[in-house]
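K.L.:
Sharing a structure, written as structure tokens. Questions coming.
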Amino acid sequence: MNWLEWVTGAAGFLLTVMVLSYLIGDNVFFRLAASIFIGVTAGYLAVLLIRHILWPFLIQPLIYEPWQTKLWLGIPLLLIFLLLISQFPRMIKLGRIPLAYLAGLSGGIAIIGAVFGTLLPQSMAVINVFDAWAWTESSSPLWREMLEGAVMLVGVIGILSYFYFGRKRNLQKEKQAEQRPAIFEAFSQVGQVFIGITLGSVFASLFSSALLALIDRIAFIGKFIMNLFRGF
Amino acid sequence: MAVLICPECGAENTPGDEYCWSCRRALTDVEPVNDAVQDEPLGGHLDELLNSEEDLPGLLHALRQDGNIDGEQGDAEDVQSGEFHDSLGQASSGQSGREEEIPEWLRRIRQRAKQEKDSIGEVTQKISAAQESLADEKRSSQHESYADWIERLHQDFSQEQVAKDSAEGAPTGKAGQLPQTEDPEWLAKILKVHGKSVEKQDLDSLSTERLGGNSLLQWLVDLESGKEKLEPLSEEEPPAAKQSGDAVGEGDQNERTVDGDTTQEIRIKKGTSVKPVLSISRKEQLEADLISATIVDETAPRAMRKFEKPGSPWVIRAAVTVILITALSLSLFSGASTSNLSGSLKPQHRALITWLEQLPAESRLLLVVDYHAGFEAEMALIAQPVLSKAVQASSEFVILSSTESGVLLVDRLLQDIDGFETLVVSNAGYFPASNFAAFGLGAGIDPSWRFVHAPDAVNGLPQGDFEGILVLSDSYDGAKTWIEQLYAQFSEVTINLITTAQAGPLLLPYYESHQLGGLVSGLSEARQMTAYLNVENSTSHLWEAYRTGVLMMIIVIVLGLFFMSDHEGQETDRSKGEKA
Amino acid sequence: MKKNLSVAMAVIIGVIVLAGYFFRDQLGPVLTLIIDWGILLVSVLGLLGIGYLIKSHITKLIKKEKGAFNSVVVLLAFISVLVAGLILSTENDIFQKLILTVQIPVEASLLGVLAVTLMITSLRLLRTRGWTLMSVGFLVSAVISMLVDVAFFQTEPGSPADEILKFWSNLPLIGARGILLGMALGGLLVGLRVLLTIDRPYGED
Amino acid sequence: MTLRMVGWVVIGLAAGLLGFLTIFLKRGRHYPIRTHQIARLFSSSQEASIERGLPRQIVLGHQLWSYSYPGLGLWAIGALPVFLTPEASADGLLSVLTADGALAIMARQVAEQTYHDGYSPFLSQTCAQIRLPGLTPLAFTAGFLSGITRQPYGTLSLLGAYGPESLLWVDAVQRRDGMAMAAAGTLAGQAALYAYVQNILIGESIFMLPNLIKPGYSSQASLLTEDILRIILIASLIIGTMLKVLGVL
């Protein structure tokens, strides 16, 4: 193990023990490790933004590109200038124009992303489960394909009903103010089960990844201690 | 001395201040208030006391009820009492010689009473004036009798009256005599109440023996301090009494009084209290509500909800931590043998293996790195078998990263694979997932759509033909983003996905809809891949510990079913929530 | 005047993005330009965000608030990595080792702490949620997924057990699809509220 | 009619419905929304925290733009004014946290504007503070856990796109007698918090939150629009599957 590996190994060991000490309780060591991590990550991100985006796509064109290209960068430079001077308390209102640009852009992207990125593809995926031609081609028995399709449709409709916002009309009891109209309330019971199943499955896979990280850290500590003893 | 009174918070500021020292309000539009005290002879205010049309019984009634003086009376007084206050205010704000004895709080109340036109201000101001005058009188001379006082009053009054009449051209009586003026009705009433019946005509021949050497002001103060009792005036029956008959319950009242009837005696049973029905005007009700709203009873139990301590008790937390780490350590370092691998390869695994086996020599692959440093260990376990096969058949890797340390992580990952040295690795740049992916970089934007001379601001997706794309991701969101982006841009190229367990369960449909060539996620699937690719078995020593951890979690969930399922958490909060 | 300018800016940019996706061939270049400028703006905002982080630690240091020592550590780490990164570049080996030596242990350990917290959380599930259809579904699904993950069930291909397991592995997807469809509807409305100036998340009231 | 045309019809229909219903509900009409206990528990906790002078924090998530959850970051910024009431931000103990620079700067503008609506700048200079504990999800977690003091905590409100690491924030808050309220988050974030946080809104229910806390005609209009689009979506799924089975689609 050369000296660089030894140093990085020792640093990793110390940081691992300091962060895992949070399981005992919030302590000074954990805060120290967290501070080092925050500083390093912020510094590295700043380097990435400068080297990979701002330098090649904003500063370099301003220096080396012809004036026509510089002209195209006029508007972004103005927006960036407004953004920077809006950091002074007295000029805060100037920051609204670049942020309005960003909000409009985000709004447009949200609409396009919602409709063309999720709404249509997911709807078509539900409908395509009922592809009779594909059923005949599939290796699984027909009853299972039809069952899967029916369960998919009922499940999706149940979940959409679970999220229904409108309230049940003409309430008898105050408790009913949390209920949906009758038909949506019925379907939402089905939807609840499917939401629970999805969240449970994601919870299990989440635990798997986190568990593997914990096992890796324990293995690393064990290996380092053994190397330490082997070293003397 | 003039002062600036801040209209916002009432604080006094020295003239010339731009802002109030207390609440920083601008004082530019505030007029300085003259706080100067003029010397006035002591007697001056006393004749004004007598002279004012003040209805003293009204004051007494107010003292008794400790409430408001009736609205209509109050208005009548406001005008009159205005000057009255000023004079008293000046007098009570202290003769020049006594300013320092009068406490600060009293001077501030009087100052405020001059500003505030509410009933409380008036009463406060009159009581304090009465007390002040009494104190002055005691200090100035002990032996002066009441008669000398009245005598001096008359002389002052006549001089002033003569001066006023000459100004108005009115007929004046003989010098030194009180012009026949209508004597104040209030004085007659007080004297009657005081048990001394005095005929109106004899008012001038008032003498001290009939008043029994007892001064009016002394009586006023005693009344206020409760030593004197005020007997109700006989002819003025309090209106409330008439109505009380109605207010009393049926059982207690023998005969019901009807308007226009002769008055009937109402026998009231012992112990029944006749509840006086207060006739309160709307304005008074609003003021009373305002006062009760502002004075909040600090001691009342507050409706704040003490949250039940939802965090698990420290003991359970420590127990779970110690047991889990001990179990994992034991299974890691005990060198337990790996159970033989069985179970069938899933279709998506088989497709990935087939793709690796059919990779042409010298192929060019695109590697998309979308995982963070925390998942480095898991990704190494899952991706190593696949990459070791891919490296053998490839000549160039183009790396594109969408997480900060993506490029660093994949360099570290490839260094552990033999044959990596011969590989050409080029870095296609950093694509912050949220920036680029959100723009549908690949989904329908043609890279050629660009104005002439317009500079790039985006790393365009690397061009050229690839034999395959490998996406290494640690979350469902990142994987979904890159699958849809790359499928739109490179629909003819096979896209394979290597993800951590966390991303796995929801990505299967992309394989079934043929957007994905192959998919492997999580340690258990990686073990099966390793076995079939017969790559050096790097997952075995972790597998036992992983199984132990997962089985412990299942046990904990089942324990939670039985021991922790008393669901008072939600009920208590709801019941408390109802109360709050 | 400034208020209408920013409202108008938001509406115009939003409409251009929608039009750019609709009339791709005619407005493609305009769309690309607007997106490029947006990326530059977001990158500058990222740098400003780093500025906020550093400024808060400097303020903590100047005011000598509690935890000022940690702020010193953050500032030292930040400056050293920034200078090293700008001088050595990100491809440098030593620079890469410096970054990964800190990031991997801390992030992996935080995930390890998350694993223990997830285990404690699963103890409290019923106490928090009570016996509802959703919590029962959650529990059953979590237990079965873990058992399948550790190959507890060994099934022969094509056997009924295998078919049931395949059917079961599709169920989480139904829930995900329903949730994503719902969130897409919400996302659509959020975007429209900005374009119709109902919401003005740029500081206008 | 291609899928793209269907998409534009949906966008046009949604825009028209939203515009019309906003005007329709503005004239005093009311669309009854179902209640949820989260609003009552949140406001009682908020009051208790303000009275006891406990810190209150709002997390806006990690991403302004998210491909998988379009509009989630924008929604968090749009919902922020509901939480920044003058009373809540006057004592200087309310702070807004995020890991994204764009979200931070937009939050600052919104906080400054909502604050000036309620208070004159002369009275008090403090409004909600904007802070970035860290710039990646796990760096944000490290910054949050080391930034939280050992004193009792008030209320933590989670909005926007955040991952499963949010479980560590909530655990730290609840150990200090604080109350956490979670809306939104990625699927993994919601799965992690579901078992631990009592006041959680799953999936699309998050869009009810602004109306639950501060009812208004404009939020009711978008909830009504969403319900109408939902019914149309359910109907089209049923019709689509029938046509698919018959081989028409």
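Chain order of the listed sequences is A, B, C and D.
Just so we're aligned: 59 in this note's numbering is position 52 of the first sequence, and the numbers increase by one with no gaps anywhere.
Just so we're aligned: 270 in this note's numbering is position 21 of the second sequence, and the numbers increase by one with no gaps anywhere.
Just so we're aligned: 1123 in this note's numbering is position 126 of the third sequence, and the numbers increase by one with no gaps anywhere.
Just so we're aligned: 375 in this note's numbering is position 178 of the fourth sequence, and the numbers increase by one with no gaps anywhere.
No residue lacks a Cβ here, since even glycine has one placed at the ideal position from N, Cα and C.
Pull out every residue of the stretch 762-780 of chain B whose Cβ sits closer than 7 Å to any Cβ of chain A, in chain order.
P.N.:
Hits within the stretch, in order: 762, 771 and 772.
K.L.:
For residue 250 of chain D, which of helix, strand or coil comes out of DSSP?
P.N.:
Counting from one through the fourth sequence, the residue named residue 250 of chain D turns up at place 53. Correct three-state label for residue 250 of chain D: coil.
K.L.:
Determine which residues of the stretch 726-752 of chain B have a Cβ less than 7 Å from any Cβ of chain D, and write them out in chain order.
P.N.:
Residues passing the 7 Å Cβ filter: 726, 729, 730 and 751.
K.L.:
Any chance you could list the alpha helix (DSSP H) runs of at least 4 consecutive residues sitting entirely within the stretch 337-420 of chain D, in chain order?
P.N.:
Whole alpha helix (DSSP H) segments, 4+ residues: 363-372, 384-391 and 406-410.
K.L.:
Output the boundary residues of the alpha helix (DSSP H) element that contains residue 1118 of chain C.
P.N.:
Reading the third sequence from its first residue, position 121 is the one you call residue 1118 of chain C. Residue 1118 of chain C -> alpha helix (DSSP H) spans 1090-1120.
K.L.:
Name, going along the chain, the residues of the stretch 612-627 of chain B whose beta-carbon falls closer than 8 Å to a beta-carbon of chain C.
P.N.:
Here the close residues are 621, 622, 623, 624, 625 and 626.
K.L.:
What three-state label does DSSP hand residue 94 of chain A in the structure shown?
P.N.:
The count along the first sequence starts at 1 and reaches residue 94 of chain A at position 87. Three-state DSSP puts residue 94 of chain A in coil, outside helix and strand.
K.L.:
Assuming residue 744 of chain B contacts residue 735 of chain B under a Cβ cut-off of 8 Å, what Cβ separation, rounded to an integer in Å, is found between them?
P.N.:
Here the question's residue 744 of chain B lines up with position 495 in the second sequence. Here the question's residue 735 of chain B lines up with position 486 in the second sequence. Confirmed, Cβ separation roughly 6 Å.
K.L.:
Helix, strand or coil for residue 1162 of chain C? Go by DSSP, reduced to three states.
P.N.:
Numbered from 1 along the third sequence, position 165 holds the residue referred to as residue 1162 of chain C. Correct three-state label for residue 1162 of chain C: helix.
K.L.:
Going by C-alpha distance, which of A:71, A:200, A:74 and A:214 is nearest residue 624 of chain B?
P.N.:
Within the second sequence, numbered from 1, the residue matching residue 624 of chain B stands at position 375. Of the candidates A:71, A:200, A:74 and A:214, the one whose C-alpha sits nearest the C-alpha of residue 624 of chain B is A:214.
K.L.:
To the nearest angstrom, how far is it from the Cα of residue 1181 of chain C to the Cα of residue 62 of chain A?
P.N.:
The residue labelled residue 1181 of chain C in the question sits at position 184 within the third sequence. The residue labelled residue 62 of chain A in the question sits at position 55 within the first sequence. Taking the straight line from one Cα to the other gives about 36 Å.
K.L.:
Note down, one range per segment and in chain order, each beta strand (DSSP E) of at least 3 residues found wholly within the stretch 763-812 of chain B.
P.N.:
Segments of the beta strand (DSSP E) lying fully in the stretch 763-812 of chain B: 767-770.
K.L.:
Please tell me whether residue 204 of chain D and residue 127 of chain A are closer than 7 Å, where the distance is taken between their beta carbons.
P.N.:
Translated into the one-based positions of the fourth sequence, residue 204 of chain D becomes position 7. Translated into the one-based positions of the first sequence, residue 127 of chain A becomes position 120. Contact: yes.
K.L.:
Taking all protein chains shown into account, do 16 or more other C-beta atoms lie within 10 angstroms of the C-beta of residue 562 of chain B, making it buried, or fewer, making it exposed?
P.N.:
One-based indexing of the second sequence puts residue 562 of chain B at position 313. Burial call: exposed.
K.L.:
Closer than 7 Å by C-beta to residue 488 of chain B: which residues in its own chain qualify, once you throw out the five before and the five after it? Chain order, please.
P.N.:
On the second sequence, residue 488 of chain B is found 239 positions in, with the first residue counted as 1. Reliability of the predicted coordinates at residue 488 of chain B is poor, the pLDDT of 40 falling under 50, and the value obtained from them is presented with this limitation in mind. Closer than 7 Å at Cβ, skipping near neighbours: no residue.
K.L.:
For residue 1187 of chain C, which residues in chain A fall below 7 Å Cβ to Cβ?
P.N.:
Translated into positions along the third sequence, residue 1187 of chain C becomes position 190. Under the 7 Å cutoff, chain A gives 117.
K.L.:
Let's see if you can read the secondary structure: which residues bound the beta strand (DSSP E) around residue 746 of chain B?
P.N.:
For the purposes of this step, residue 746 of chain B is identified with residue 497 of the second sequence, where counting begins at 1. From DSSP, the beta strand (DSSP E) with residue 746 of chain B extends over 744-748.
K.L.:
I need the straight-line Cα distance from residue 429 of chain D to residue 402 of chain D, nearest angstrom please.
P.N.:
Residue 429 of chain D sits at position 232 when you count from the first residue of the fourth sequence. Residue 402 of chain D sits at position 205 when you count from the first residue of the fourth sequence. Going by the C-alpha atoms only, they are around 18 Å apart.
K.L.:
On a Cα-Cα basis, can you pick out the residue from D:265, D:325, D:245 and D:437 that is closest to residue 279 of chain D?
P.N.:
Within the fourth sequence, numbered from 1, the residue matching residue 279 of chain D stands at position 82. Nearest C-alpha to residue 279 of chain D: D:325.
K.L.:
Taking CB distances under 7 Å as the criterion, tell me whether residue 632 of chain B reaches chain A.
P.N.:
Translated into the one-based positions of the second sequence, residue 632 of chain B becomes position 383. No - not a single Cβ of chain A is within 7 Å of the one on residue 632 of chain B.
K.L.:
Alpha carbons only, please: which of C:1129, C:1062 and C:1147 is nearest the one belonging to residue 391 of chain D?
P.N.:
Residue numbering aside, residue 391 of chain D sits at position 194 when the fourth sequence is read from its first letter. Measuring from the Cα of residue 391 of chain D, the nearest candidate turns out to be C:1129.
K.L.:
Determine whether the beta carbon atoms of residue 49 of chain A and residue 1075 of chain C lie at a separation below 7 Å.
P.N.:
On the first sequence, residue 49 of chain A is found 42 positions in, with the first residue counted as 1. On the third sequence, residue 1075 of chain C is found 78 positions in, with the first residue counted as 1. Yes, they are a contact pair.
K.L.:
Can you pull the chain A residues whose beta carbon is under 7 Å from the beta carbon of residue 754 of chain B, in chain order?
P.N.:
As a first step, residue 754 of chain B is located in the second sequence; it is residue number 505 there, counting from the start. The answer, in chain order, is 208, 209 and 212.
K.L.:
What are the partner residues of residue 615 of chain B, as DSSP defines its beta bridges?
P.N.:
What you label residue 615 of chain B is simply residue 366 of the second sequence in a count that begins at 1. According to DSSP, residue 615 of chain B bridges with B:647 and B:718.
K.L.:
Against chain F, does residue 1125 of chain C count as a neighbour if the rule is that its beta carbon must be under 7 Å from one of theirs?
P.N.:
Of the protein chains in this structure, namely A, B, C and D, none is chain F.
K.L.:
Determine the DSSP secondary structure at residue 177 of chain A, reduced to helix, strand or coil.
P.N.:
The residue you call residue 177 of chain A lines up with position 170 of the first sequence. Three-state result, residue 177 of chain A: coil.
K.L.:
Taking 7 Å as the threshold (beta carbon to beta carbon), is residue 648 of chain B in contact with chain C?
P.N.:
Along the second sequence, read from residue 1 onward, the residue named residue 648 of chain B stands at position 399. It does not; no Cβ of chain C falls within 7 Å.
K.L.:
Is the CB of residue 1089 of chain C under 7 Å away from at least one CB in chain A?
P.N.:
Translated into the one-based positions of the third sequence, residue 1089 of chain C becomes position 92. With 7 Å as the cut-off, residue 1089 of chain C does not count as an interface residue toward chain A.
K.L.:
Find the residues of chain B that neighbour residue 193 of chain A, judging by a C-beta separation of less than 8 Å, and give them in chain order.
P.N.:
Walking along the first sequence from the start, residue 193 of chain A turns up at place 186. Correct list: empty, because the minimum Cβ distance to chain B is about 23 Å.
K.L.:
When you compare the CB of residue 716 of chain B with every CB in chain A, is at least one pair closer than 7 Å?
P.N.:
For the purposes of this step, residue 716 of chain B is taken as residue 467 along the second sequence, with counting starting at 1. Cβ-Cβ to chain A under 7 Å: no for residue 716 of chain B.
K.L.:
Consult DSSP for residue 326 of chain D and reduce its assignment to one of helix, strand or coil.
P.N.:
Numbered from 1 along the fourth sequence, position 129 holds the residue referred to as residue 326 of chain D. Looking at residue 326 of chain D - three-state DSSP - the assignment turns out to be strand.
K.L.:
With a threshold of 7 Å between beta-carbons, can residue 803 of chain B be considered close to chain C, or not?
P.N.:
As a working mapping, residue 803 of chain B is identified with position 554 in the second sequence. Chain C, which has a Cβ nearer than 7 Å to the Cβ of residue 803 of chain B, makes this yes.
K.L.:
Could you tell me how far apart the beta carbons of residue 573 of chain B and residue 801 of chain B are, in whole angstroms, since I believe they sit closer than 8 Å?
P.N.:
Working through the second sequence from its first residue, we reach residue 573 of chain B at position 324. Working through the second sequence from its first residue, we reach residue 801 of chain B at position 552. About 6 Å; that satisfies the 8 Å criterion.
K.L.:
Starting from residue 187 of chain A, find everything on chain D with Cβ-Cβ shorter than 7 Å and list it in chain order.
P.N.:
Numbered from 1 along the first sequence, position 180 holds the residue referred to as residue 187 of chain A. Within chain D, the residues near residue 187 of chain A are 231.
K.L.:
Does the stretch 298-306 of chain D come into contact with the stretch 339-354 of chain D, if we say contact requires no fewer than three beta-carbon pairs (one atom in each stretch) closer than 8 Å?
P.N.:
Because the criterion of three Cβ pairs below 8 Å is not met, the stretch 298-306 of chain D and the stretch 339-354 of chain D do not touch.
K.L.:
Residue 1173 of chain C versus chain B: which residues are under 7 Å apart at the beta carbon?
P.N.:
For the purposes of this step, residue 1173 of chain C is identified with residue 176 of the third sequence, where counting begins at 1. The contacting residues are 755.
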